[in-house]
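Residue numbers (the UniProt record's numbering): 1 to 281.
Quick look at the structure:
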């Protein structure tokens, strides 16, 4: 039987031990928190930016091809969408097929999920800015196109566009047979992080080639800057879900996600359906 004095001493020892244990746990938690913060901060600088004094566009794109892309977003009055699509089907393919114009219609879609009653057009100009300027000057003299723009203006609520270059590590978009749905994933990056994004996706794109879902990857030159667009094709929404889930079985994909997420300020996803005039079906 313990004496009252010994029992009291034992209680004091237990109390001291509990205080020390609590302090150790608190220190360990604080240390773990600091480690996580340090890890996240270091992730922003895990890739070295190319030290050459050169424009990002020269470091990231296919210089030898000099393709320039224009993406157009047209928000259509809901009651006019069918008429708008018919108008585009009558005019846009003729420009695409005419060798007089150094441009190609890559794809044209209606947004299914995302912004409603929206049309998206993607054009390619082989020869870069001179080709773009040549097409613009020639279209000003095209009476059919002038009439098309006038009629189109009656159907639109708003419109915007961007000029884009393609990442060197993506395949060039080429016509494909359908039926497919398309996802346009758009990322607004933090200024100064485009090279870092390119470094990671140059590796990541190989994980996304197995089902031919990768269509094209672009970054903005004029319009919203530090904007990236990734264009994907899937048979349907379930195929999209299965394909995206399967990516996590590849070693290295989680690293890409972990290090690129902090580079993003805003991201958006559109599910799009190709129109009859689209080379990408």
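For every residue, glycine included, the Cβ atom is placed at its ideal position computed from N, Cα and C.
Buried or exposed: which applies to residue i, given that a residue is buried once 16 or more other Cβ atoms fall within 10 Å of its Cβ?
i	result
residue 262	exposed
residue 265	exposed
residue 269	exposed
residue 178	exposed
residue 40	Annotation note: pLDDT 44 at residue 40 (below 50); position unreliable, coordinate value reported separately. By the 10 Å Cβ count, residue 40 comes out exposed.
residue 196	buried
residue 173	buried
residue 220	buried
residue 186	buried
residue 222	exposed
Residue i by DSSP, collapsed to three states: which one?
i	result
residue 218	strand
residue 245	helix
residue 140	helix
residue 173	coil
residue 121	strand
residue 111	strand
residue 129	helix
residue 155	coil
residue 60	helix
residue 263	helix
residue 212	coil
residue 78	helix
residue 69	strand
residue 149	helix
Give every residue of the same chain whose Cβ lies closer than 6 Å to the Cβ of residue i, excluding the five residues on either side of it in the sequence, and list them in chain order.
i	result
residue 117	76, 78, 81
residue 85	275
How close, in whole Å, do the beta carbons of residue i and residue j come, if the pair is a contact with beta carbons under 8 Å?
i	j	result
residue 69	residue 124	5 Å
residue 135	residue 279	Not a contact, Cβ separation roughly 17 Å.
residue 273	residue 112	5 Å
I need the boundaries of the alpha helix (DSSP H) containing residue i, first residue and last residue.
i	result
residue 236	Counting along the chain, residue 236 falls outside any alpha helix (DSSP H), and DSSP gives it neither H nor E.
residue 95	81-97
residue 200	194-204
residue 258	253-260
Between which residues of its own chain and residue i is the CB-CB distance below 8 Å, once the five residues before and five after are set aside?
i	result
residue 138	100, 101
Leaving out the 5 sequence neighbours to the left and right, which residues in its chain are closer than 7 Å to residue i when beta-carbon positions are compared?
i	result
residue 243	211, 213, 234
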